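> I'd like to ask you about the structure that follows.
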Amino acid sequence: MPSPRSASEIFDELKQTKHKIVIDGIECYIVEGDLRLDAGQLLAYAFELAEREQARAGGGSGGEQRQPLVGIVDDEGRMVRWKKGLLLTYNVLRSSFASDADYQTVVQAMRVATADWEATCGVNFKHLSELDGGVTPGGPAPLFQVKAFDDGSGFIAVAFFPDEPPARRTVLIFPSFFSPTLGFDRAGVLRHELGHVLGFRHEHIRSEAPALCPDEPLGNTINLSDYDPRSVMHYFCGGVGTRELKITDVDRDAARKLYGPPDKDVHYFD
174 MPSPRSASEI FDELKQTKHK IVIDGIECYI VEGDLRLDAG QLLAYAFELA EREQARAGGG
234 SGGEQRQPLV GIVDDEGRMV RWKKGLLLTY NVLRSSFASD ADYQTVVQAM RVATADWEAT
294 CGVNFKHLSE LDGGVTPGGP APLFQVKAFD DGSGFIAVAF FPDEPPARRT VLIFPSFFSP
354 TLGFDRAGVL RHELGHVLGF RHEHIRSEAP ALCPDEPLGN TINLSDYDPR SVMHYFCGGV
414 GTRELKITDV DRDAARKLYG PPDKDVHYFD
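Just so we're aligned: the sequence shown equals residues 174 to 443 in the numbering used here.
Right, dumping it as structure tokens:
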């Protein structure tokens with residue numbers, strides 16, 4: 174077995190091998206296929222990988238026991254989520270798309286994806302279509318933005334987590350999203366990305382997942398469900414996962430642990 178690498182060595186390797194993008198002047202690296210980390214986050218990611226390698230070298234599990242559908246926790250172990258009752262507003266930046274047809278495709282896919290999450294757990298989204306032409310400085314702004322991004326890479330979409338600073342709350346749509354050979358349901362892709370926006374990590378990081386599925390660090394996470402190979406948060410890898418990326422019953426139960434039931438399942442009284 175090779176000697177474990179230091180966090181510095183892994184950090185340097187990640188900077189050289191991970192795709193780099195610049196969003197609003199901030200350099201970020203894409204990891205796990207659809208998440209972006211700035212340099213500080215990438216360094217923390219490298220430390221987690223280094224700890225895992227050192228544990229493996231010492232005969233420990235080194236994080237090999239991957240988790241089920243997982244949420245995020247802060248440094249004090251508290252679950253990370255949007256506050257109760259917060260309306261998750263967004264706009265779709267029309268001018269960023271190559272055509273009006275592409276813009277309309279994303280608007281419709283977001284409509285389906287947000288409705289599916291609203292029917293799953295206690296969250297509510299609202300498309301501020303009046304801001305699709307752009308946000309005026311000092312004027313009203315959405316919680317997050319959806320916009321096209323083309324850097325020549327083959328990525329499909331990239332999201333963010335609830336604990337990201339406001340300036341980083343953007344869902345990026347790459348040209349591959351519109352490819353006729355995409356193979357994935359477009360609303361499903363956005364269901365997956367909105368799962369990250371709500372605070373869920375990937376499902377395929379469990380030990381039960383096929384070995385061919387990507388591995389990743391699991392610092393600051395919490396178990397929310399049993400392993401589900403058909404989860405909306407599971408990549409299509411190792412012969413499992415689905416291209417539809419639908420929200421399953423297991424996903425629903427896990428999401429309700431974090432956000433409670435959807436409004437339709439509750440009888441409210443004043």
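Every residue, glycine too, gets a C-beta built ideally from N, C-alpha and C. From a predicted model like this one, the values you see are computed outputs, not experimental measurements.
Please list the terminal residues of the continuous beta strand (DSSP E) segment that includes LEU210.
For the purposes of this step, residue 210 is identified with residue 37 of the sequence shown, where counting begins at 1. Note, LEU210: beta strand (DSSP E), 208 to 211.
> Spell out the partners DSSP gives THR415 in its beta bridges.
The residue labelled residue 415 in the question sits at position 242 within the sequence shown. Answer is none; THR415 lacks a bridge partner.
> Under the three-state reduction of DSSP, which class applies to ALA321: helix, strand or coil?
Along the sequence shown, one-based indexing puts residue 321 at 148. In the structure shown, ALA321 sits in a strand (DSSP, three-state: E or B).
> According to DSSP, simplified to helix, strand and coil, what is GLU182?
For this step, residue 182 is matched to residue 9 along the sequence shown. Reduced to three states, the DSSP call for GLU182 is helix.
> What is the residue span of the beta strand (DSSP E) that GLU200 lies within?
Position 27 of the sequence shown, counted from the first residue, corresponds to residue 200. Where GLU200 is concerned, the enclosing beta strand (DSSP E) stretches over 199 to 204.
> Starting from the N-terminal side, write out each stretch of the beta strand (DSSP E) that is 3 residues or longer and does not extend beyond the segment 257 to 317.
260 to 265, 297 to 300
> Which same chain residues end up closer than 7 Å to LEU278 when comparing Cβ atoms and leaving out the 5 residues on each side of it in sequence?
For this step, residue 278 is matched to residue 105 along the sequence shown. Position check: residue 278 holds Thr in this sequence, whereas Leu was assumed. Taken in chain order, the residues that qualify are PHE351, ARG359.
> What residue range is occupied by the uninterrupted beta strand (DSSP E) comprising VAL195?
For this step, residue 195 is matched to residue 22 along the sequence shown. Segment 193 to 196, the beta strand (DSSP E) holding VAL195.
> Counting pairs of Cβ atoms below 8 Å between the segment 361 to 373 and the segment 249 to 256, do you hit three or more?
yes
> Over the uninterrupted alpha helix (DSSP H) stretch that includes VAL423, give me the two end residues.
Mapped onto the sequence shown, residue 423 falls at position 250. First-last of the alpha helix (DSSP H) with VAL423: 422 to 432.
> Please return the same chain residues whose Cβ sits closer than 6 Å to the Cβ of ALA292, not counting the five positions on each side in sequence.
The sequence position of residue 292 within the sequence shown is 119, counting from 1. Excluding residues within five positions, the ones whose Cβ falls inside 6 Å are PRO435.
> Mind reading off the beta-carbon distance from VAL265 to MET283? Whole number of angstroms is fine, and I expect it under 8 Å.
The residue labelled residue 265 in the question sits at position 92 within the sequence shown. The residue labelled residue 283 in the question sits at position 110 within the sequence shown. Yes, VAL265 and MET283 are in contact; Cβ-Cβ is about 6 Å, under 8 Å.
> For ILE203, collect the residues of the same chain with a Cβ closer than 7 Å to its Cβ; drop the 5 residues on either side in sequence, then sort them by chain order.
Within the sequence shown, numbered from 1, the residue matching residue 203 stands at position 30. So the list reads LYS191, HIS192, ILE194, ARG209, PHE328, VAL331, once near-sequence residues are dropped.
> Excluding the five sequence neighbours on either side, which residues of its own chain have a C-beta within less than 7 Å of the C-beta of GLY306, listed in chain order?
On the sequence shown, residue 306 is found 133 positions in, with the first residue counted as 1. Excluding positions up to five away in sequence, the list reads ARG267.
> With a Cβ-Cβ cutoff of 8 Å, do GLU417 and GLY356 count as a contact?
In the sequence shown, the residue the question calls residue 417 occupies position 244. In the sequence shown, the residue the question calls residue 356 occupies position 183. Against a cut-off of 8 Å, the Cβ pair of GLY356 and GLU417 comes out as no contact.
> Name the DSSP beta bridge partners of GLN343, please?
Locating residue 343 in the sequence shown gives position 170, where the first residue counts as 1. A quick correction: the sequence has Thr, not Gln, at residue 343. THR343 pairs with GLN318.
> Cutting at 6 Å between CB atoms, please list the residues of its own chain near SER349, excluding the five before and the five after it.
Numbered from its first residue, the sequence shown carries residue 349 at position 176. Closer than 6 Å at Cβ, skipping near neighbours: GLY327, ILE329.
> Would you call the CB atoms of ASP424 and VAL405 closer than 8 Å?
For the purposes of this step, residue 424 is taken as the residue at position 251 of the sequence shown. For the purposes of this step, residue 405 is taken as the residue at position 232 of the sequence shown. In contact: ASP424 and VAL405 (Cβ atoms closer than 8 Å).
> Confirm, please, whether the CB-CB distance from TYR263 to PHE317 is below 8 Å.
As a position in the sequence shown, residue 317 is number 144, starting the count at 1. As a position in the sequence shown, residue 263 is number 90, starting the count at 1. Yes; because the gap between Cβ atoms is below 8 Å, this pair is in contact.
> Pull up the CB-CB distance for ALA340 and ASP197, whole angstroms please, since I reckon it's below 8 Å.
Within the sequence shown, residue 340 is the residue found at index 167, counting from 1. Within the sequence shown, residue 197 is the residue found at index 24, counting from 1. 6 Å between Cβ atoms; contact.
> Going by other Cβ atoms of all chains shown within 10 Å of its Cβ, with 16 needed for buried, is ARG364 buried or exposed?
Walking along the sequence shown from the start, residue 364 turns up at place 191. Under this definition ARG364 is a buried residue.
> Can you tell me whether PHE270 is buried or exposed, with buried defined as 16 or more other CB within 10 angstroms of its CB?
Stepping through the sequence shown from its first residue, residue 270 is reached at position 97. For PHE270, the number of other beta carbons within 10 angstroms of its own is at least 16, and it is reported as buried.
> Determine whether the beta carbon atoms of PRO310 and LEU301 lie at a separation below 8 Å.
As a first step, residue 310 is located in the sequence shown; it is residue number 137 there, counting from the start. As a first step, residue 301 is located in the sequence shown; it is residue number 128 there, counting from the start. Not closer than 8 Å, so no.
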